[in-house]
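Enquirer: Have a look at this one before I ask anything.
Protein chains: 2
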Amino acid sequence: MDYQSFCQQYQPSKKELFTQFYHFFKDKFSVKNERIAVEKLATIIEATFKLSANQSFANMSLRQLSKESGLSMGGLYAYIQNKQQLSLFIHEFLSYFVIKTINQVTNNKGCNNLECIIKTHIYLSELLQPWFFFAFMESKNLSRDEIKAAIQSDLLMESKLIEVIKCGQQEEIYSTILKAETVASLTKPLLSEWYLKRWKYKKRGMSIDQYCLAVMIFIERGLSSPHSLTELEQS
Amino acid sequence: MDYQSFCQQYQPSKKELFTQFYHFFKDKFSVKNERIAVEKLATIIEATFKLSANQSFANMSLRQLSKESGLSMGGLYAYIQNKQQLSLFIHEFLSYFVIKTINQVTNNKGCNNLECIIKTHIYLSELLQPWFFFAFMESKNLSRDEIKAAIQSDLLMESKLIEVIKCGQQEEIYSTILKAETVASLTKPLLSEWYLKRWKYKKRGMSIDQYCLAVMIFIERGLSSPHSLTELEQS
DNA sequence: GTCTATAGCCGGATAGAC
DNA sequence: GTCTATCCGGCTATAGAC
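Structure (structure tokens):
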């Protein structure tokens, strides 16, 4: 699986994405016309990403947002009840969407190896980079309960990693110098790195698949037992 | 070198730290009595860390800060010219302090190996965890020029890493599958992970030296050339 | 050096016309 | 559905007493 083939199967168009978004929170919007709502929501969310990427969500005023999105202040409030809810919407939908996609991928492909899980996460974070970036940066401002909900997709990813690693360790494909939990924990920041510092790698001319490869080399080697290392080196 | 010995040599007391802080910005404070200023600055900065850890610097009001630090609103303004400057002070001093310490360590010890550089960074980030956390989270709100300045310690670290890795590659101790720049880039998020998620590892009972060991295993293996891998495994 | 009191502004949110 | 106009609270920052 490479990025291109992943996209063909799982990349939603902007319209598809925000249609799902609309239906996920349907009853919360006073705007009932789906066609209009989907379009405006896309504008609002994207403007939010743009503005809070430079400053931060807290520093973004709704006046700025209204200007950037082309809606009036009043118009904005047809889509959100208050500012905080806007942030919440983003967190909750991302969490839902990530979990859904991860489950899809792992089920469909019978893909239960490290490489597949890691690539799925990196590819997803590429497709939804502003979402991931926002969720990472603004997670602090959620209330306890909201954090719990938003963290689920993170936990799912981590548990999938641990599961696969433990499995490999039992089959003695992987070394047990490091606990599965430790490897999983060290893997996660390598996944975040891609969407947090994407500009850096783009600038350097590193493609997403090259990045995945580098991460895989790191992890596979960190996990490799002595007799498998020589093979790895040759491949 | 372990954490304890690092502390003995480099850990500043709170008083020492904020005395340096005071002198670094001396002319900016209207309070001239050093004894008083150092003490109050410590209170203010620590209150800032506490408050912006839960919310964010942007969401922290100066009223909250005045309550938390025990100074009145007016009193605060003897130490800062405005809110933004408070954030700037933290970034600038941290950058200065990190660069200073890294240079000290690498010079004193003739410590020019990967392990030493990585440990230095992780140990430092432990000593100054709130500073590092703050700098990471609030870096977005700096202006372009300020970012450049604050990023210097980051660059220094990265260039030191690259240098050492390239050196090892030339001596054929390290493999060249991955470019030195790539390994350095993948290493940095592993360093940040410790101060960003410290509670997680504390809770799990993982000590800082255990964490360093795990990171070193990851990286050394990612870099190891085939003939050195077997040795590594046995050690 | 530090406080209280207050100026002045800006941001979130709402009412009501269209 | 969307806009304009406006309210009101809270924020940063300052003036001036002690």
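Residue numbers (my numbering), protein chains in the order written: chain B, 1 to 235; chain E, 236 to 470.
Just so it is clear, CB atoms sit at the ideal spot from N, CA and C, and this is done for glycine as well.
Taking a Cβ distance cut-off of 7 Å, strictly less, list which residues of the stretch 181-212 of chain B are near chain E, in chain order.
Expert: Cβ contacts with chain E come from T182, L186, P189, L190, S192 and E193.
Enquirer: When the Cα atoms are used, what is the spatial distance from I386/E to R204/B?
Expert: So the alpha carbons of these two residues sit roughly 18 Å apart.
Enquirer: Would you identify the three-state DSSP class for Y446/E, choosing helix, strand or coil?
Expert: Three-state DSSP puts Y446/E in a helix.
Enquirer: Nearest to Q169/B by alpha carbon, out of V183/B, Q84/B and L156/B?
Expert: Residue V183/B is the option with its Cα nearest to Q169/B.
Enquirer: Pick out whichever of N59/B, S95/B and V164/B has its Cα sitting closest to the Cα of C116/B.
Expert: The option with the nearest alpha carbon to C116/B is V164/B.
Enquirer: Alpha carbon to alpha carbon, how far is Q290/E from N141/B?
Expert: Between Q290/E and N141/B, the C-alpha separation is close to 5 Å.
Enquirer: DSSP state of S322/E, grouped into three classes?
Expert: Here S322/E sits in helix by DSSP.
Enquirer: Whose C-alpha, out of M372/E, T411/E, I397/E and R433/E, is nearest the C-alpha of S287/E?
Expert: Among M372/E, T411/E, I397/E and R433/E, the Cα nearest to that of S287/E is on M372/E.
Enquirer: Against chain B, does S470/E count as a neighbour if the rule is that its beta carbon must be under 8 Å from one of theirs?
Expert: Its pLDDT being 44, under 50, S470/E is placed unreliably in this model, and the value from its coordinates should be taken loosely. Cβ-Cβ to chain B under 8 Å: no for S470/E.
Enquirer: Residues in the same chain with beta-carbon distance under 7 Å from I147/B, minus the five sequence neighbours each way, listed in chain order, please.
Expert: Around I147/B: S139.
Enquirer: Quick check: is any heavy atom of the ligand ADP less than 7 Å from the C-beta of L321/E?
Expert: Among the components modelled here there is no ligand, and therefore nothing to report on the ligand ADP.
Enquirer: If you run the structure through DSSP and keep just helix, strand and coil, what is E468/E?
Expert: Because the pLDDT of E468/E is 45, which lies under 50, any placement of that residue in the model is unreliable, and the number read from its coordinates should be weighed accordingly. Residue state, collapsed to three classes: helix.
Enquirer: Go through its chain and collect everything with a Cβ distance to L464/E's Cβ below 6 Å, but skip five positions before and after it.
Expert: The pLDDT assigned to L464/E is 49, lower than 50, so where the model puts this residue is not dependable; a value taken from the coordinates is nonetheless given after this. Counting only Cβ-Cβ distances below 6 Å, and skipping sequence neighbours, we find nothing.
Enquirer: Comparing alpha-carbon positions, which option in Q129/B, E16/B, Y195/B and L223/B lies nearest E171/B?
Expert: Nearest C-alpha to E171/B: L223/B.
Enquirer: To which residues of the same chain is Q9/B closer than 7 Å at the C-beta, ignoring the five residues directly before and after it?
Expert: Taken in chain order, the list of residues that qualify is empty.
Enquirer: Chain B partners of I452/E, CB-CB under 8 Å?
Expert: Chain B residues near I452/E: I177, L178 and G222.
Enquirer: DSSP three-state label for S360/E, please.
Expert: Here S360/E sits in helix by DSSP.
Enquirer: Which chain B residues are close to S291/E, counting only those with a beta carbon under 7 Å from its beta carbon?
Expert: Within 7 Å Cβ-Cβ: S56, A58, K140 and N141.
Enquirer: From which residue to which residue does the alpha helix (DSSP H) around S241/B run?
Expert: No statement about residue 241/B is possible, as the shown extent of chain B runs from 1 to 235 and does not include it.
Enquirer: Check whether the Cβ atoms of D215/E and D237/E lie closer than 8 Å to each other.
Expert: Nothing about residue 215/E can be reported from this structure: the residues present for chain E run from 236 to 470 only.
Enquirer: Rounded to whole angstroms, what is the Cα-Cα separation between Q84/B and I90/B?
Expert: Roughly 10 Å between the two C-alpha positions.
Enquirer: Of the residues S410/E, Y446/E and I279/E, which one's Cα is nearest the Cα of W429/E?
Expert: The residue with the shortest Cα to Cα distance from W429/E is Y446/E.
Enquirer: Can you list the residues of chain E that A214/B reaches, using a CB-CB cut of under 7 Å?
Expert: Within chain E, the residues near A214/B are L413, T417 and L421.
Enquirer: Thinking just about the alpha-carbon of each residue, which of I36/B, H121/B and E92/B is nearest to the one in S192/B?
Expert: For S192/B, the nearest C-alpha among the options comes from H121/B.
Enquirer: Can you tell me the Cα-Cα spacing of K166/B and S5/B, whole angstroms?
Expert: In a straight line, the C-alpha of K166/B is about 28 Å away from that of S5/B.
Enquirer: Taking all protein chains shown into account, do 16 or more other C-beta atoms lie within 10 angstroms of the C-beta of F15/B, making it buried, or fewer, making it exposed?
Expert: Per the sequence presented here, residue 15/B reads as Lys, with Phe not at that position. Exposed is the call here.
Enquirer: Have a look at the DSSP bridge pairing and note the partners of S459/E.
Expert: Paired residues: Y409/E.
Enquirer: Just mark I36/B as buried or exposed, buried being the case when its beta carbon has 16 or more other beta carbons within 10 Å.
Expert: The residue is exposed, with fewer than 16 neighbouring Cβ atoms inside 10 Å.
Enquirer: I219/B and T187/B: beta carbons closer than 8 Å?
Expert: A contact, by the Cβ cut-off of 8 Å.
Enquirer: Quick check on this structure: which residue in D380/E, N347/E, L363/E and K435/E has the alpha carbon closest to the alpha carbon of V333/E?
Expert: For V333/E, the nearest C-alpha among the options comes from L363/E.
Enquirer: Anyone know if the C-beta pair for L300/E and T278/E falls short of 8 Å?
Expert: No, Cβ-Cβ distance for L300/E and T278/E is not below 8 Å.
Enquirer: Could you give the first and the last residue of the continuous alpha helix (DSSP H) run that contains Y42/B?
Expert: Per the sequence shown, the amino acid found at residue 42/B is Ala instead of Tyr. Here the alpha helix (DSSP H) through A42/B covers E34 to N54.
Enquirer: Rounded to the nearest angstrom, what separates N317/E and F264/E at their Cα positions?
Expert: The straight-line gap from Cα to Cα measures roughly 12 Å.
Enquirer: How many angstroms separate the CA atom of M306/E from the CA atom of Y314/E?
Expert: According to the sequence displayed, residue 306/E carries Leu and not Met. Those two C-alpha atoms are separated by around 11 Å.
Enquirer: Exposed or buried, which one is L390/E when buried takes at least 16 other CB atoms within 10 Å?
Expert: So L390/E ends up on the exposed side.
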